[in-house]
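**Student:**
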Amino acid sequence: MKRKIAVLPGDGIGREVTRGAVEILEAVGQQFGHDFEFHFGEIGGSAIDRTGSPLPDETVEMCKSSDAVLLGAVGGPKWDQQPLHLRPERGLLKIRKDLHLYANLRPISYYSSLSESSPLKKEIIEGVDLLIVRELTGGLYFGKPSERTTLDGKEAVVDTLFYQKSEIKRIIELAFKLASTRRNKVTSVDKANVLESSRMWRETAEEVAKNYPEVELEHMLVDNAAMQLIRNPRQFDVMVTENMFGDILSDEASVLTGSLGMLPSASVSVDGCNLYEPIHGSAPDIAGKNVANPMGMILSAASMLRLSFGLEKEADAVEKAVQKVLDAGLRTGDLANSPIRGVSTSQMIAEIKAALLDQE
Ligand code: NAI
Ligand code: MG
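If you want the working numbering, it's the position in the sequence shown, counting the first as 1, plus 916.
(1) For Ala922 and Met978, I'd like the C-alpha separation in whole angstroms.
(2) Ends of the alpha helix (DSSP H) at Met1211?
(3) Quick one: Cα of Ile964 to Cα of Val1124, how far?
(4) Hey, would you say Val1049 sits closer than 8 Å to Val933, going by beta carbons?
(5) Rounded to the nearest angstrom, what separates Pro1255 and Glu1089 at their Cα positions?
(6) Please tell me whether, using a cut-off of 7 Å, the distance from the CB of Gly992 to the nearest non-hydrogen atom of the ligand NAI is below it.
(7) Unbroken beta strand (DSSP E) runs of length 3 or more, entirely within the segment 942-979: which are they?
(8) Could you tell me which of Gly1177, Val1186 and Asp983 sits nearest to Ile1202, measuring between CA atoms?
(9) Report, in whole angstroms, the separation of the C-beta atoms of Gly1055 and Asn1159, which I expect to be a contact under 8 Å.
(10) Hey, would you say the C-beta of Pro1149 is under 7 Å away from at least one heavy atom of the ligand NAI?
(11) Rounded to a whole number of angstroms, what is the C-alpha to C-alpha distance between Arg1006 and Gly991?
(12) Using the Cα positions of Asp1274 and Lys1240, report the straight-line distance between them to the nearest angstrom.
(13) Find out if the Cβ-Cβ distance for the pair Ala1019, Asp927 is shorter than 8 Å.
(14) Determine, using beta carbons only, whether Val1044 and Ser1028 come nearer to each other than 8 Å.
(15) Using CA coordinates, which residue listed in Ile929, Leu1223, Ser1260 and Thr1053 is at the minimum distance from Lys863?
(16) From Val1305 to Arg1064, what distance separates their C-alpha atoms?
(17) Taking 8 Å as the cut-off, decide whether the C-beta atoms of Ser1216 and Ala1169 are in contact.
(18) On the three-state DSSP scale, how would you describe Thr1097?
(19) Taking only three categories from DSSP, how would you classify Ser877?
(20) Would DSSP call Thr1248 helix, strand or coil?
(21) If you draw a straight line from the alpha carbon of Lys1269 to that of Val1259, how long is it in whole angstroms?
(22) Got a sec? Which residues, its chain only, sit under 6 Å from Lys980 by beta carbon, not counting five neighbours each side?
(23) Can you tell me where the beta strand (DSSP E) with Thr1076 in it begins and where it stops?
(24) Quick one: what's Asn1190 bridged to in DSSP?
(25) Using alpha carbons as the reference points, say which of Glu1032, Leu986, Gln997 and Gln998 lies closest to Arg1012.
(26) Going by DSSP in three states, Lys1126 sits in which element: helix, strand or coil?
(27) From which residue to which residue does the alpha helix (DSSP H) around Gly1007 run?
(28) Please check the pair Asn1206 and Asp1250, which I expect to be a contact at CB under 8 Å, by giving their CB distance rounded to whole angstroms.
(29) In the DSSP output, what is Pro1023 paired with across the bridge?
(30) Over what stretch of residues does the alpha helix (DSSP H) that includes Ile1164 continue unbroken?
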């Protein structure tokens, strides 16, 4: 069976790490006899340079006709002065909307060989295994109006936090489903002491919980959640939250694993064509230097194998290969607090590939 994968490398280190994911997928294809067909498209700054748009229609069409999408990262100082609607990040928001990607799943798990790379104490992070379920198509990032305005002749500005109840219900239901395959606990994160949207969020969580009697529901205010993630992260199983809270909390949670460069994500589509991307951005400070950590991207590809294609043992093989090079002490710069051997992006990719092909 042929599987069509749309590949959108994007900008900066997005391009460097995406190359790695494709190489690893090619190796998986070779090793396990699968036919992956890659189609490359532009998004972000590189698309702006070529076509004037951060997300050309041809990219959207290509993604829609694919079985899954792999995305690197977009953005960079070169495009920072563009008006908002012409910034690379608009391409990102638009592709989420166009592909109906309503949920972003961000698993955060502890790697024992990386305990020295996290600024947090080993006693705190040991055994962490949590999943952040972030709503992706609503909230402040999409609400209208979002504009500069005036009030009584004075400069002002407005952004809008908007949700349809059905969107809230859909994401919370997914969180409960996922929790019932894990440790049966959902922490719903909101700001219900201040925001009306959060009050509806909380009510909806209570309604959904009735259908999942085996899953424990707890509510937590987002400011407390930010603190608890660092104080006692092991208390969490599945955390579900709205778009911006999820964006911020998941960057914070990345510190638990040692580096932003380690974290994969999967964005689930209503239509079945999911998108997989690392949670980091284009990292202009290290772009082009061949030092980025490709693991978040490669683990995102593993997650594609599992969730989009049902290739469980192939996904396991990629994750084991990553684990093996970490256990062997190989580290890119972001993890190298006490490196046994510091390696470049391309060396890291080659080592992961070798570890993959080495498995029987
Ligand atoms: P960033 O995630 O690109 O970088 C934050 C810090 O982490 C930097 O010091 C960077 O060097 C480091 N880092 C990130 N990924 C790494 C990796 N794989 N290996 C080693 N170190 C890594 O976030 P920043 O700097 O705030 O944003 C840079 C650009 O990326 C901006 O234009 C932003 O809008 C965009 N961005 C794009 C995202 C996406 O495409 N999904 C997500 C987040 C930001
Ligand atoms: Mg972010």
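In this text, a Cβ means the ideal position worked out from N, Cα and C, and glycines have one as well.
**Tutor:** Taking the definition as stated:
(1) Position 6 of the sequence shown holds residue 922. Position 62 of the sequence shown holds residue 978. If you take the alpha carbons of Ala922 and Met978, they lie about 7 Å apart.
(2) Reading the sequence shown from its first residue, position 295 is the one you call residue 1211. Taken as a continuous stretch (DSSP letters only), the alpha helix (DSSP H) holding Met1211 covers Met1211 to Leu1223.
(3) Walking along the sequence shown from the start, residue 964 turns up at place 48. Walking along the sequence shown from the start, residue 1124 turns up at place 208. Using only the alpha carbons, I get a separation of about 42 Å.
(4) On the sequence shown, residue 1049 is found 133 positions in, with the first residue counted as 1. On the sequence shown, residue 933 is found 17 positions in, with the first residue counted as 1. No, the pair does not count as a contact, with Cβ atoms beyond the cut-off.
(5) For this step, residue 1255 is matched to residue 339 along the sequence shown. For this step, residue 1089 is matched to residue 173 along the sequence shown. Reliability fails at Pro1255, whose pLDDT of 45 lies under 50, so the model's placement of it is uncertain and the value that follows must be treated cautiously. In this model, Pro1255 and Glu1089 are separated by some 42 Å (Cα to Cα).
(6) As a working mapping, residue 992 is identified with position 76 in the sequence shown. Under cutoff, so the answer is yes.
(7) 951-956
(8) Taking the first residue of the sequence shown as 1, we reach residue 1202 at position 286. Shortest Cα-Cα distance from Ile1202 to any of Gly1177, Val1186 and Asp983 involves Gly1177.
(9) For the purposes of this step, residue 1055 is taken as residue 139 along the sequence shown, with counting starting at 1. For the purposes of this step, residue 1159 is taken as residue 243 along the sequence shown, with counting starting at 1. Indeed, because the Cβ distance is near 3 Å, the residues count as touching under 8 Å.
(10) As a first step, residue 1149 must be located in the sequence shown, where it is residue number 233. Answer for Pro1149: no, Cβ out of range of the ligand NAI.
(11) Here residue 1006 refers to the residue found at position 90 when the sequence shown is read from its first residue. Here residue 991 refers to the residue found at position 75 when the sequence shown is read from its first residue. Between the alpha carbons of Arg1006 and Gly991 lies a gap of roughly 10 Å.
(12) Locating residue 1274 in the sequence shown gives position 358, where the first residue counts as 1. Locating residue 1240 in the sequence shown gives position 324, where the first residue counts as 1. Cα to Cα, Asp1274 sits roughly 11 Å from Lys1240.
(13) Numbered from 1 along the sequence shown, position 103 holds the residue referred to as residue 1019. Numbered from 1 along the sequence shown, position 11 holds the residue referred to as residue 927. Their beta carbons are not under 8 Å apart, which means Ala1019 does not touch Asp927 by this criterion.
(14) By one-based count along the sequence shown, residue 1044 stands at place 128. By one-based count along the sequence shown, residue 1028 stands at place 112. Cβ atoms of Val1044 and Ser1028: not closer than 8 Å.
(15) The question about residue 863 has no answer, for the chain in this structure spans 917 to 1276.
(16) Only positions 917 to 1276 of the chain appear in the structure, and residue 1305 is not among them; the question remains open.
(17) The count along the sequence shown starts at 1 and reaches residue 1216 at position 300. The count along the sequence shown starts at 1 and reaches residue 1169 at position 253. No, the pair does not count as a contact, with Cβ atoms beyond the cut-off.
(18) Locating residue 1097 in the sequence shown gives position 181, counting from the first residue. Three-state result, Thr1097: coil.
(19) Past the boundaries of the shown model lies residue 877; the chain is included only from 917 to 1276, so the question cannot be answered.
(20) Position 332 of the sequence shown, counted from the first residue, corresponds to residue 1248. Here Thr1248 sits in coil by DSSP.
(21) Position 353 of the sequence shown, counted from the first residue, corresponds to residue 1269. Position 343 of the sequence shown, counted from the first residue, corresponds to residue 1259. Taking the straight line joining both Cα atoms gives about 14 Å.
(22) In the sequence shown, counting from the first residue as 1, residue 980 sits at position 64. So no residue of the chain qualifies.
(23) Counted from its first residue, the sequence shown places residue 1076 at position 160. Element bounds for Thr1076: Lys1070 to Phe1078.
(24) To locate residue 1190, count along the sequence shown from 1; it is residue 274. Beta-bridge pairing links Asn1190 to Ala984.
(25) Locating residue 1012 in the sequence shown gives position 96, where the first residue counts as 1. Cα-wise, what sits closest to Arg1012 is Leu986.
(26) What you label residue 1126 is simply residue 210 of the sequence shown in a count that begins at 1. Residue state, collapsed to three classes: coil.
(27) The residue given as residue 1007 occupies position 91 in the sequence shown. That run of the alpha helix (DSSP H) goes Pro1004 to Asp1014.
(28) Numbered from its first residue, the sequence shown carries residue 1206 at position 290. Numbered from its first residue, the sequence shown carries residue 1250 at position 334. About 13 Å; that fails the 8 Å criterion.
(29) Within the sequence shown, numbered from 1, the residue matching residue 1023 stands at position 107. Bridge partners of Pro1023: Leu1047.
(30) For this step, residue 1164 is matched to residue 248 along the sequence shown. Unbroken alpha helix (DSSP H) run through Ile1164: Asn1159 to Thr1173.
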